[in-house]
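The next block holds one structure in the form of structure tokens; read it before the comments.
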Amino acid sequence: MKESNNILIRTDIKPGDLGYIMYRHGILYNKEYNYGLSFETYVGSGLYEFSQNYDPALDRIWFCESDNNIIGSILLMHRANKTAQLRYFYLEPEWRGIGLGNKLMNLLIDFAHKCGYNSIYLWTTHELNSAHKLYKKFGFKLTEEKFSNDFGKSLIEQRHDLILENEIKNN
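Those letters in the sequence shown? Residues -18 to 152, per our numbering, in order.
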């Protein structure tokens, strides 16, 4: 089993990083869930939007590395009304189950609090059972579902929302 203490987590964005995240999403989601090319281009479009609107005071991407290889990522992107979106969370299969997902979620939520966001939302699909368990553990709640064929197959897209303590304190 891999060990999480040999992993570097960085937030600086280097040339090739965003393209690599797009590439790995395309490969992994095709292999594990049979998503088509349209999913990879969807990820690329979102990463382009992130890069065009990137504000280091409001946005962050965490890259996990082992031996100078990216093994996972998670991204927080600012949206309107003190809301942020969690996107592009993935871990290479051999690095799952060692607590790295929990660590990334804690980093993301801590950063969201520091930024003063009132809520975080994410979109995922009904098939990602392990991700659903992790999101639920951190307090995300299913708030919306819609049928979709956008990723090359029929599925249910799901929105999950997390209300942060910032909003409760501000009221």
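Using N, Cα and C, we set each Cβ at its ideal position, and we do this for glycine too.
Predicted model only: the values in this text are computed from it and were never measured.
- Query: DSSP on Arg77, reduced to helix/strand/coil?
  - Reply: For the purposes of this step, residue 77 is taken as the residue at position 96 of the sequence shown. In this structure, Arg77 counts as coil in the three-state DSSP scheme.
- Under the rule that 16 or more other beta-carbon atoms within 10 Å means buried, what is Gln33, buried or exposed? By one-based count along the sequence shown, residue 33 stands at place 52. Taking all protein chains in view, the Cβ of Gln33 is surrounded by fewer than 16 other Cβ atoms within 10 Å, so the residue is classified as exposed.
- Message: Which residue wins for smallest C-alpha separation from Leu28, given the options Arg5, Lys84, Lys127 and Asp48?
- Response: Walking along the sequence shown from the start, residue 28 turns up at place 47. Per the Cα distances, Arg5.
- the region 7 to 18 / the region 44 to 64 touching (three or more Cβ pairs under 8 angstroms): Under the three-pair Cβ rule at 8 angstroms, the region 7 to 18 does not count as touching the region 44 to 64.
- Among Gly0, Ser26, Thr(-8) and Leu67, nearest to Tyr98 - alpha-carbon criterion: As a position in the sequence shown, residue 98 is number 117, starting the count at 1. For Tyr98, the closest alpha carbon among the candidates Gly0, Ser26, Thr(-8) and Leu67 is that of Leu67.
- Message: Helix, strand or coil, according to DSSP, for Asn50 in the structure here?
- Response: Residue 50 sits at position 69 when you count from the first residue of the sequence shown. DSSP, reduced to helix, strand and coil, places Asn50 within a strand of the structure shown.
- Helix, strand or coil: how does DSSP classify Asp36 here? Position 55 of the sequence shown, counted from the first residue, corresponds to residue 36. In this structure, Asp36 counts as coil in the three-state DSSP scheme.
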